[in-house]
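Residue numbers for the sequence shown, in our numbering: 64 to 583.
Ideal placement from N, C-alpha and C gives every residue a C-beta, glycine not left out.
This one's a predicted model, so the numbers in the text were calculated from it and none came from an experiment.
Worksheet for the structure shown next.
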Amino acid sequence: MYLNPGNEGFKEILNSSCYIDKTGIISLINSSINTLDKLICVSRPRRFGKSIAAKTISAYYDCSCDSKALFDGKEISKSPSYETHLNKYNVISLDMTNIIGNTKPSNMISFITENITQELLAVYPTAIRGTSFDGTLLNALEAGSPKFIMIIDEWDAPIRETPEIAKDYLTFLRTLFKGSTTASKIFAAAYMTGILPIKKGKSESALSDFIEYTIIDTDSYAPYTGFTEAEVQTLCLEHGLDFSEAKKWYDGYSLNGLSVYNPYSVMRAFKRRKFASYWKQTSAAENLITYISMDFESLQSDILRLIAGEHLPVDVSVFQNDIRVITSRDDVMTLLIHLGYLTYDSSAGTAYIPNEELKNEFETLLRHPRHPKLQKLVTASEKLLQDTLDGNEKAVAAAIDSIRGTNYAPAFYNNEQALRYVIKFAYIVCTDHYMRIEELPSGKGLADVVYIPGGAYPYLKALVIELKWNKTSGGALEQIKNRNYPAVLENYSGDILLAGINYDEKTKKHDCRIEVITKQ
Numbered sequence: 064m065y066l067n068p069g070n071e072g073f074k075e076i077l078n079s080s081c082y083i084d085k086t087g088i089i090s091l092i093n094s095s096i097n098t099l100d101k102l103i104c105v106s107r108p109r110r111f112g113k114s115i116a117a118k119t120i121s122a123y124y125d126c127s128c129d130s131k132a133l134f135d136g137k138e139i140s141k142s143p144s145y146e147t148h149l150n151k152y153n154v155i156s157l158d159m160t161n162i163i164g165n166t167k168p169s170n171m172i173s174f175i176t177e178n179i180t181q182e183l184l185a186v187y188p189t190a191i192r193g194t195s196f197d198g199t200l201l202n203a204l205e206a207g208s209p210k211f212i213m214i215i216d217e218w219d220a221p222i223r224e225t226p227e228i229a230k231d232y233l234t235f236l237r238t239l240f241k242g243s244t245t246a247s248k249i250f251a252a253a254y255m256t257g258i259l260p261i262k263k264g265k266s267e268s269a270l271s272d273f274i275e276y277t278i279i280d281t282d283s284y285a286p287y288t289g290f291t292e293a294e295v296q297t298l299c300l301e302h303g304l305d306f307s308e309a310k311k312w313y314d315g316y317s318l319n320g321l322s323v324y325n326p327y328s329v330m331r332a333f334k335r336r337k338f339a340s341y342w343k344q345t346s347a348a349e350n351l352i353t354y355i356s357m358d359f360e361s362l363q364s365d366i367l368r369l370i371a372g373e374h375l376p377v378d379v380s381v382f383q384n385d386i387r388v389i390t391s392r393d394d395v396m397t398l399l400i401h402l403g404y405l406t407y408d409s410s411a412g413t414a415y416i417p418n419e420e421l422k423n424e425f426e427t428l429l430r431h432p433r434h435p436k437l438q439k440l441v442t443a444s445e446k447l448l449q450d451t452l453d454g455n456e457k458a459v460a461a462a463i464d465s466i467r468g469t470n471y472a473p474a475f476y477n478n479e480q481a482l483r484y485v486i487k488f489a490y491i492v493c494t495d496h497y498m499r500i501e502e503l504p505s506g507k508g509l510a511d512v513v514y515i516p517g518g519a520y521p522y523l524k525a526l527v528i529e530l531k532w533n534k535t536s537g538g539a540l541e542q543i544k545n546r547n548y549p550a551v552l553e554n555y556s557g558d559i560l561l562a563g564i565n566y567d568e569k570t571k572k573h574d575c576r577i578e579v580i581t582k583q
């Protein structure tokens, strides 16, 4: 189970109807074998192919099987290092989630070492059981074993789920990998993958020799972290599905300038031939409300700003990579990036909701807000929407003034784009009732924001909002009429509410004009 598990797992992966060749990751590991960079830790969110990568890597290095026929023609076969390392090592493969489910936390280390020792001595009967686990591995080398490659899938699971054994677990890893002569003799390479990066602090210095590639800085591992746009386009052609829909639902993760899709959700969508949110089926989804209900600084209003479509600055350097140590708004935002709820633009230092699938997850907060501040913001937005539908112009202007002045506070409130962000924030509840379209083309210009009622809310009016800066709300309303913006809603019939909203820099006030027309 733990020593040389073979290549059956990789065979199953190859049989998938949505298989994407990611074997190129092996060439990156090959380049580090028997070097100072041979210890590699790759962290990424759940459902981003960590276990698939581990099985692929294991099948390639495992000396107990012949995997050449499986890898010939794959990306790795084009590498000069392909045959140099193919099936040349003893692989120790640990799935830590499986292990902590099969033994008591207090017995975990002895469970691992005893099972591997028994399997190793069965293969090398002349080897002598050492007084320590690494001693047994050295004895196996003397008995004819090739060097080992250690693969640890979900390496951080014991730390996340059973923190009481974290110290013993890290001591075990230190014994194996800390830069000693013994470790250099035993291991050709080690590959760990998990959700969180290695925790910052003295207790984790045991793992300081690992080269880390995180979801915030994937470096050369970016193409192997998820599906690329070209790969999804190919899948869409093969399966006869709409690429633009796949892009809307699952794209948006920005990794070192590369646009990456959630691989699990893409595969589920293609197998079921239905674009929808498959994030709900992961255990990570259960934690979202817990984390964003934490009362740090502007966190609650920032979550609504994210739902409204904004990109917000985040200091990712302060997070200790420990879910038990959350002390600030930046900690929560950085954790959500590591969990995959947000993506991070490293060039701008900002985080945002990557796609429709994750937007749906955040919008559940609007239906069931648990935090008092979040409830207050949602309630204010609901009242604003109702006042708008009722044509209460003064109440609408006053509400936007209030939201702008007390809950919003963008860094630069000095143009129509800033005003657009405020409007999207103010009408945040519309995300659960409407489909929002920004800058909808009409043939004579662009409507700033258009809300079209969803199928479950046919009684609502469509909203066409035009924004002005240092002009007049009446002028904004006339522009809607003159440019015939409602004509673009050709498939919509019913009441259309036209709203012109202006902000005056001198008075620091908004004003609003509302009219309703009926489209047959």
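- Ile103 is not a Cβ neighbour of Ile214, given a cutoff of 8 Å.
- The straight-line gap separating the alpha-carbon atoms of Gly517 and Leu561 is approximately 18 Å.
- For Tyr187, there is no enclosing beta strand (DSSP E), as DSSP marks it with neither H nor E.
- In this structure, Ser247 sits away from Glu292, with a CB-CB distance that is not shorter than 8 Å.
- The residues Asp84 and Thr86, in chain order, have a CB closer than 7 Å to that of Lys137 in the same chain once the five nearest residues on each side in sequence are set aside.
- In this structure, Ala309 places its C-beta atom within 8 Å of the C-beta atom of Val295.
- Remark: C-beta atoms of Ser127 and Gly69 approach each other more closely than 8 Å.
- In this structure, DSSP gives Lys544 a helical state, which the three-state scheme calls helix.
- Distance check between Pro226 and each of Thr570, Ile92, Pro168 and Lys544 places Pro168 closest, using alpha-carbon atoms only.
- Between the stretch 313 to 330 and the stretch 405 to 423, the count of Cβ pairs shorter than 8 Å is three or higher; the stretches touch.
- Remark: C-beta atoms of Pro209 and Lys151 approach each other more closely than 8 Å.
- In the DSSP assignment, Glu275 is bridged to Cys104.
- For secondary structure counted as the alpha helix (DSSP H) over 4 or more consecutive residues, the stretch 408 to 454 holds these complete runs in sequence order: 419 to 430 and 435 to 452.
- Straight-line spacing of the CA atoms in Leu405 and Leu421 works out to 8 Å.
- Between Tyr407 and Val388, the alpha-carbon positions lie close to 21 Å from each other.
- When secondary structure is reduced to three states using DSSP, Arg483 falls in the helix class.
- Judged by DSSP secondary structure, Asn565 falls within the beta strand (DSSP E) whose first and last residues are Gly557 to Asp567.
- For Asp574, there is no enclosing alpha helix (DSSP H); the enclosing beta strand (DSSP E) covers residues Lys572 to Lys582.
- The stretch 440 to 456 makes contact with the stretch 485 to 492: 3 or more CB pairs, one atom from each, lie closer than 8 Å.
- In the displayed model, Tyr490 falls within coil according to three-state DSSP, outside both helix and strand.
- Its Cα nearest to that of Ser106, the residue Asn384 stands out among Val395, Glu426, Asn384 and Ala251.
- The three-state reading of DSSP puts Asn161 in helix, counting H, G and I together.
- Per the coordinates, the alpha-carbon of Ile179 lies some 20 Å from the alpha-carbon of Thr256.
- In the structure shown, Trp218 adopts coil according to DSSP, grouped into three states.
- As the crow flies, the alpha-carbon of Met171 is around 25 Å from that of Pro188.
- Put simply, the backbone Cα of Glu301 is about 43 Å away from that of Leu270.
- Shown here, Val329 sits in a helix according to DSSP, grouped into three states.
- Residue burial is scored here from C-beta neighbours: Thr277 has at least 16 other C-beta atoms within 10 angstroms and is therefore classed as buried.
- Per the coordinates, the alpha-carbon of Asp394 lies some 7 Å from the alpha-carbon of Val381.
- Judged by their CB atoms, Asp216 and Asp158 are nearer to each other than the 8 Å cut-off.
- For Ser144, the closest C-alpha among the options Ser95, Ser364 and His573 is that of Ser95.
- The C-beta distance from Tyr65 to Ser156 rounds to 6 Å, short enough to meet the 8 Å contact threshold.
- Approximately 20 Å separates the beta-carbon atoms of Glu529 and Gly557; this is outside 8 Å, ruling out the contact.
- Leaving aside the five residues that flank Lys436 on each side, the residues in its chain whose CB is nearer than 6 Å to its CB run, in chain order, Gln363.
- Shown here, Ala253 sits in a strand according to DSSP, grouped into three states.
- In the three-state reduction of the DSSP assignment, Glu373 falls in the coil class.
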